[in-house]
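The structure appears below as structure tokens.
Protein chains: 4
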Amino acid sequence: MDDIIVDFIEKPELENAVLIEGLPGVGNVGKLAVEHLIDEIDAEKFAEIHSLHFPPQVLVDEDGLSKLVNNRMYYKKGVGLDDIDLVFLTGDYQGMTPQGQYQLTDRILSISKELGVETVFSLGGYSHGDIVDKPEVLGAATTSEKIEEMKQLGVKFSEEHPSSGIIGASGLLLGLGDKLYDMTGICLMGETSGYFVDPGAARAVLKKLMKYLGEEISYEKLDEKAEEVEELTSKVKDMGGMQQQEAGGEDLSYIG
Amino acid sequence: MDDIIVDFIEKPELENAVLIEGLPGVGNVGKLAVEHLIDEIDAEKFAEIHSLHFPPQVLVDEDGLSKLVNNRMYYKKGVGLDDIDLVFLTGDYQGMTPQGQYQLTDRILSISKELGVETVFSLGGYSHGDIVDKPEVLGAATTSEKIEEMKQLGVKFSEEHPSSGIIGASGLLLGLGDKLYDMTGICLMGETSGYFVDPGAARAVLKKLMKYLGEEISYEKLDEKAEEVEELTSKVKDMGGMQQQEAGGEDLSYIG
Amino acid sequence: MDDIIVDFIEKPELENAVLIEGLPGVGNVGKLAVEHLIDEIDAEKFAEIHSLHFPPQVLVDEDGLSKLVNNRMYYKKGVGLDDIDLVFLTGDYQGMTPQGQYQLTDRILSISKELGVETVFSLGGYSHGDIVDKPEVLGAATTSEKIEEMKQLGVKFSEEHPSSGIIGASGLLLGLGDKLYDMTGICLMGETSGYFVDPGAARAVLKKLMKYLGEEISYEKLDEKAEEVEELTSKVKDMGGMQQQEAGGEDLSYIG
Amino acid sequence: MDDIIVDFIEKPELENAVLIEGLPGVGNVGKLAVEHLIDEIDAEKFAEIHSLHFPPQVLVDEDGLSKLVNNRMYYKKGVGLDDIDLVFLTGDYQGMTPQGQYQLTDRILSISKELGVETVFSLGGYSHGDIVDKPEVLGAATTSEKIEEMKQLGVKFSEEHPSSGIIGASGLLLGLGDKLYDMTGICLMGETSGYFVDPGAARAVLKKLMKYLGEEISYEKLDEKAEEVEELTSKVKDMGGMQQQEAGGEDLSYIG
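Structure, rendered in structure tokens:
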């Protein structure tokens, strides 16, 4: 079999499109955000990606139906004030090896380029090791112009983390997109404890993104999920709080 | 050398055949079941598969004869009320890496397709972390029709494990068979403690499969093995029982 | 670069030759034995093998000269009563991954076949976890004829280890040699504690091999090394002996 | 994507050039030394190397700009008394797997050969496990002539470490350069504790190299960095000194 197999359901025709990635990662922030957005704006699935870079695994749903783990791409035309065409990437797993990460990201970017994508947003979590009440959104980008634009929306840029990096798909989409596909990239990372899935951080990230796109959506379902998690975390707090994670808080904290 | 080397002893001509897989895994349930079935219905070996995805190892038998580790395929024509042609897959190891798992499973399916296989049963164990007296058989399948059919035979489908998956060859045979080879797949998993090889769970799985095939076999040899293991486990029980495994019991418990 | 690079110094013309392998492994038994034999019968180096399956490393000798890690092949014509042509394989490392092991062994066998090799001896250690006074030599082979022949020389065949295997180059040379190159293979393993390099076990293995070849050599240098190690081990014994290794003694003990 | 992507900014024309490598490693000695030298003699960047053998990661600078991790090559013509052309290799990471190390080093050497490189200096650290006041510089080389030449400059060659090796890019550049590209190689390793980045060891290594090149540079910036680190280490010393690392100090200590 080929290392990566892409099944197209359709090939949408888009213009000057924006790719928005949310794959599993710290606090599952990116995946929660993108899946919520796909639901809210009713985006259409157009491709499934299977690969031997994913785990050899099927997922089983509540009825007992099995499904090979995959990544999925969706699109929605004409979103927001400027009628922006959007492409979405989410899925069950990221590539399991560095080489798998590079090969998968390169393929995603190649597909996106062909569809007309010129800008990439990668969404993820930024782990604190401490529970966060009002999560801020930290950013990184491939151009100074985008950094300025994002600052206007209240995204923080990390003077305090000069040597930090972004590991995984969120990082590579920026790096390879810039290097090989002439795309502008922005990474938005929601502050999160890193202990739980974090719908609150996903909401914070989405709010910045929607402001950028000039589109409004409901956050009700994310809020409900956030409340469930909050009940959990408040119990933990009552039990004496959470200790700071040792190390890791500095250099590896940007894991997308 | 090629990554995968298939030596055909013969190429059986089959019709609408069923592939039944039992490779090493949790409690060795699948391997025990398939090897017992091969013996009982006197199936014929038709292919040996060697691969650099297996460990670099020879096994040595009690006479001192060495044999390169492999997977093996067998067949038996006209089994059960409906004269079903069966193909079997068993072996010494599963592929050692995710990529090896994908490549080997793809090759097995490709061989099976050529032989006329249209349905795949993968057999495995479902680990509890606790000793099981009367093992149930849990299922997963690629179609709702097969799920209904299996429910009629008393196979349980896992409402309580919505996000679980099946890892390894048992999962991939369903996933890739469905995706790339247009095959229907069913996975049958016998409940097992996960601490010992479990001929009792293998028997439970086989019973469901034989009911489906409409064929009767003797379970004597499995029962003898089960008794030996039971002596062992009862000693452990006397020593104060076994503690539940931490974690793992939820999400990774379907390991085939 | 190619995955495996073979530099031939010369291409010896041999007939019905015997390949004798001794790469690093348990107690370094195989490597000690083959290097001693190469020295004693003054064999000629004819090939160096470099590969990205070896560690990315140079060794530095006592003068400060660096040398890329490699495997090396030697030959000696007309050894013993029957004028047997011998080929030797030794080196700094075995392949670092299963795939590397398969690819390297396959290449060695392909080179050997071309040179006229028909029989392979792989030499290694068999770990006990306990200090051994008079090491026995255990064997495995690809044919019953060779097993009988070896039994005549006092090599033990392991009724007590029915499910054991031989891992690494020593195992693969038998397995792939038999499967792909129509070669007869014999593995000789010297009993060893597994705690130290073991020239005594190497000597025991060599004695059986030389008896087979009908050739006599001096063991003086091995005996000197053995004495040095013995001083060390007797100190350990005085300190209260060595505890049996847990597990491992059964199934993984044949590691070549 | 290709496994290794080389972007040339320009292709300098050099003669009888010397490649000087300093990638991350023990005490970051090599990287500190080469980056300092690049700054001091104002070398020009001419190539960037991206690869799936590096981690899937972007680095983020203090402004929030992201950059795909890479290796970088620089050059400077006519350095020192003999107008030597220099090529430099530094970067964010070494290859992450043995195979990646081999492939990347081979590509670097192939590029260097084409540019006219005939000699390779690899710079690194030599870990003691103890804090070093006056770091010595240890060497290894591919020819006796270079060893003699280096001894004249006060480089130590390691009679006390006969079986040691140099692991990683620093080792492979010598090994593959010698084997495949007919280049002479010298490795210079600064003594270092291995606990901290060590600008002092980098300075010691650079001093030997500059003596060889017949060029003088300022070490002010390295001295400043060294002082900062020294403040740190003296605090540690006050707290009771540092225990010797167990093992490791012997055979793995040459890690470049």
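Protein chains in written order, with the working numbering: chain A, 1 to 256; chain B, 1001 to 1256; chain C, 2001 to 2256; chain D, 3001 to 3256. We put the beta carbon where it would ideally sit given N, CA and C, even for glycine. Predicted model only: the values in this text are computed from it and were never measured.
Leaving aside the five residues that flank C:G2190 on each side, the residues in its chain whose CB is nearer than 6 Å to its CB run, in chain order, V2029, G2125, P2135, V2137, A2201, A2204 and V2205. Taking CB atoms only, A:H128 has no neighbour in chain B less than 8 Å away. Chain D has no Cβ within less than 8 Å of the Cβ of A:L153. A:S112 is outside the set of residues whose beta carbon lies under 8 Å from a beta carbon in chain D.
Residue contact check for D:F3157 against chain C: a CB pair falls below 8 Å. In the structure shown, C:E2048 adopts extended strand secondary structure according to DSSP, grouped into three states.
Interface criterion met: the Cβ of A:L68 is under 8 Å from a Cβ in chain B. Within the DSSP secondary-structure output, B:Q1057 pairs in a beta bridge with C:I2167. Legend: CB atoms of the stretch 94–121 of chain A lying less than 9 Å from CB atoms of chain B belong to residues M96, T97 and G100. For C:T2105, the enclosing alpha helix (DSSP H) starts and ends at P2098 to L2115. Interface annotation for the stretch 3020–3047 of chain D against chain C: empty, criterion Cβ-Cβ distance under 9 Å. Interface flag for B:D1178 against chain A is set, since a Cβ pair is found closer than 8 Å.
Within the same chain, I1005, L1068 and N1070 come within 7 Å of B:H1050 by CB-CB distance, once the 5 residues on both sides are set aside. Between the stretch 1103–1116 of chain B and the stretch 1173–1184 of chain B, the count of C-beta pairs closer than 8 Å reaches three or more; the two stretches touch. With respect to chain C, the C-beta atom of D:A3204 has no partner C-beta closer than 8 Å. The residue among D:P3055, D:M3096, D:I3009 and D:T3090 with its C-alpha nearest the C-alpha of D:V3034 is D:T3090.
By the criterion of a C-beta distance shorter than 7 Å, A:M150 is surrounded in its chain by G139, A141 and I186, once the five residues flanking it on both sides are discounted.
Remark: C-beta atoms of C:I2041 and C:I2217 approach each other more closely than 8 Å.
Around C:G2154, the same chain offers no residue with a beta carbon nearer than 6 Å, after the five sequence neighbours per side are excluded.
For B:Q1094 against B:P1024, the beta-carbon gap comes to about 6 Å, under 8 Å, which counts as contact. Collapsing the DSSP output to three states places A:K134 in coil. Taking each of D:Y3075, D:K3031 and D:Q3099 in turn and checking the Cα distance to C:Q2057, the smallest one comes out for D:Q3099. For the stretch 1052–1076 of chain B, residues whose beta-carbon sits nearer than 8 Å to a beta-carbon of chain C comprise L1052, H1053, F1054, P1055, P1056, Q1057, V1058, L1059, V1060, D1061, E1062, D1063, G1064, L1065, S1066, K1067, L1068 and V1069. Following the DSSP letters along the chain, one finds B:Y1212 inside the alpha helix (DSSP H) bounded by residues P1199 to L1213.
Under DSSP, A:Y74 takes part in a beta bridge, and its partners are A:K45 and A:F88.
Taking a Cβ-Cβ cut-off of 7 Å, the neighbours of C:G2168 in chain B comprise P1056, given in sequence order. In this structure, DSSP gives B:G1025 a state outside helix and strand, which the three-state scheme calls coil.
By the criterion of a C-beta distance shorter than 6 Å, B:F1054 is surrounded in its chain by V1069 and Y1093, once the five residues flanking it on both sides are discounted. Here the alpha carbon of B:K1221 sits roughly 36 Å from the alpha carbon of C:L2188.
If you check the CB distance, B:E1021 and B:F1046 do not come in under 8 Å. Per DSSP, reduced to three states, the secondary structure at B:G1177 is helical. For C:E2191, no alpha helix (DSSP H) segment is defined; the enclosing uninterrupted segment is the beta strand (DSSP E) at T2184 to T2192. Residue pairing for B:F1121: DSSP places it in a beta bridge opposite B:I1020 and B:I1186. Contacts with chain A at 8 Å (Cβ-Cβ) do not include D:M3189. Exclusion of the five residues before and after C:E2215 leaves V2079 and G2080 as the residues of its chain whose Cβ lies within less than 7 Å of its Cβ.
According to DSSP, residue pairing for B:Y1126 in a beta bridge involves B:E1191.
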